[in-house]
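Colleague: Mind having a look at this structure? Questions to follow.
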Amino acid sequence: MQTTQPNLSQQSATATAIGTRGMSEPNKVTLRDVSVFYGTTPALRHLTLEVPARQVLGVIGPAGSGKTTFLRTLNRLNDLEGKARVEGQVRLDGEDIYQPGYDVVRLRKRVGMLFALPSPLPMSIYENIVYGVRLSGVRDRARLDEVVERSLQDAALWDEVKDRLQSSGMRLSGGQQQRLCLARTLAMQPEVVLLDEPCSGLDPISTAAIEEALTVLKARYTIILVTNNTKQAARVADTTALFLFGELADHGPTQTVFTNPQDPRTLEYVTGRFG
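In the numbering used here, the protein residues as written are 53 to 327.
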């Protein structure tokens, strides 16, 4: 039986497709020798770190180790601290976000942040989701409806609230409020999502719902998760970084960090012997 050989253009397209699948995602965020000071007090020292696109980076470490400062550095919330000073380079898609004239408003649309305590606005579930979208100029009702449904589905909350979108977001449970705030962040379609202990104080069921959402969301977003729960980092994170006393003590694939760390203090921390 005669077989037909693919032409050169078909072979080229196939090779390109295979090559693209085989390529690793580029780094979304890159830090080079970054130090952060509040006045003369260093909160982070000489931090060099790469965050691959479309993965979850888990950040662990004891209180006061610089984890939250690290997150705030990535979307320049530290600018709101009058005495804060950043040295080194923080790059988003290769562009230094601290260069003169950089558009900070646009940066914070690209890099969204969810804080430890849920902070729903005193308005309906629907209006909570579209608040930022309206401010950005979207008025079309059909589009707003689409944003609400998509964002709530992404935050694993749609099925629980779809029949009461006009009820107050303040009436939701703590776990639901946190997922509402996550949906509000996702409604702006950021490229990077920063999470500062989003499950602290939540019950195991709510925690599991957020973790499940993160495993799905990383297909479209780069996620940086600060957590005091080392088991959560082990479950969710593709890579893990350990911060100690304002410095990066360990970093690598999560399984390696937890089972064969570079720094002996890492094993002591993840097994609860200190911190």
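Even for Gly, the Cβ is constructed at its ideal location relative to N, Cα and C.
Give the C-beta separation of Ala194 and Ala235 to the nearest angstrom, bearing in mind that I take them to be a contact with Cβ-Cβ under 8 Å.
Modeller: Between Ala235 and Ala194 the Cβ distance is about 18 Å, and since that is not below 8 Å, they are no contact.
Colleague: So what's Pro94 in DSSP terms, helix, strand or just coil?
Modeller: Here Pro94 sits in strand by DSSP.
Colleague: In the DSSP assignment, find the beta strand (DSSP E) that holds Ile112 and state where it starts and stops.
Modeller: First-last of the beta strand (DSSP E) with Ile112: 108-112.
Colleague: From Gly113, Leu187, Leu126, Lys80, pick the residue whose C-alpha is nearest to that of Arg160; which is it?
Modeller: Closest by alpha carbon: Leu126.
Colleague: Do you know whose CA, among Pro313, Ile275, Phe310, Thr267, lies nearest Leu166's CA?
Modeller: That would be Ile275, whose Cα lies nearest to the Cα of Leu166.
Colleague: Roughly how many angstroms lie between the CA atoms of His303 and Glu102, to the nearest whole one?
Modeller: Computed Cα separation, rounded: 10 Å.
Colleague: Counting beta carbon pairs with one atom in the stretch 208-218 and one in the stretch 167-174, are three or more of them shorter than 8 Å?
Modeller: No: the two stretches stay apart, fewer than three of their Cβ pairs being nearer than 8 Å.
Colleague: With a CB to CB cut of under 7 Å and the five nearest residues on each side skipped, what residues in its chain are close to Lys119?
Modeller: Result list for Lys119: Val111, Gly113, Val278, Phe295, in chain order.
Colleague: Alpha carbon to alpha carbon, how far is Gln228 from Asp255? Give it in angstroms, no decimals.
Modeller: Rounded to whole angstroms, Asp255 to Gln228 spans 11 Å at the Cα level.
Colleague: Exposed or buried, which one is Gly74 when buried takes at least 16 other CB atoms within 10 Å?
Modeller: In this predicted model, Gly74 has a pLDDT of only 36, less than 50, meaning its place in the structure is not dependable enough to derive any value.
Colleague: Mind checking who Asp302 pairs with in its DSSP beta bridge?
Modeller: Leu294, per the DSSP bridge assignment.
Colleague: Between which two residues does the alpha helix (DSSP H) harbouring Asp206 extend?
Modeller: Start and end: 193-206.
Colleague: Select from Ser225, Arg231, Glu243, Asp197 the residue whose C-alpha is nearest the C-alpha of Arg158.
Modeller: Of Ser225, Arg231, Glu243, Asp197, the residue nearest in Cα terms is Glu243.
Colleague: Mapping DSSP to helix, strand and coil, what is Arg73?
Modeller: Low confidence applies to Arg73: its pLDDT is 33, below 50, so where it sits in the model is not reliable, and the reading given next is rough at best. DSSP places Arg73 in helix when its eight states are reduced to three.
Colleague: Helix, strand or coil: which one does DSSP assign to Asn312?
Modeller: Correct three-state label for Asn312: coil.
Colleague: Whole-angstrom Cβ separation of Thr292 and Thr306, contact assumed at under 8 Å?
Modeller: With a Cβ gap of about 4 Å, Thr292 and Thr306 count as contacting.
Colleague: In the structure shown, what three-state DSSP assignment does Val322 receive?
Modeller: Residue state, collapsed to three classes: helix.
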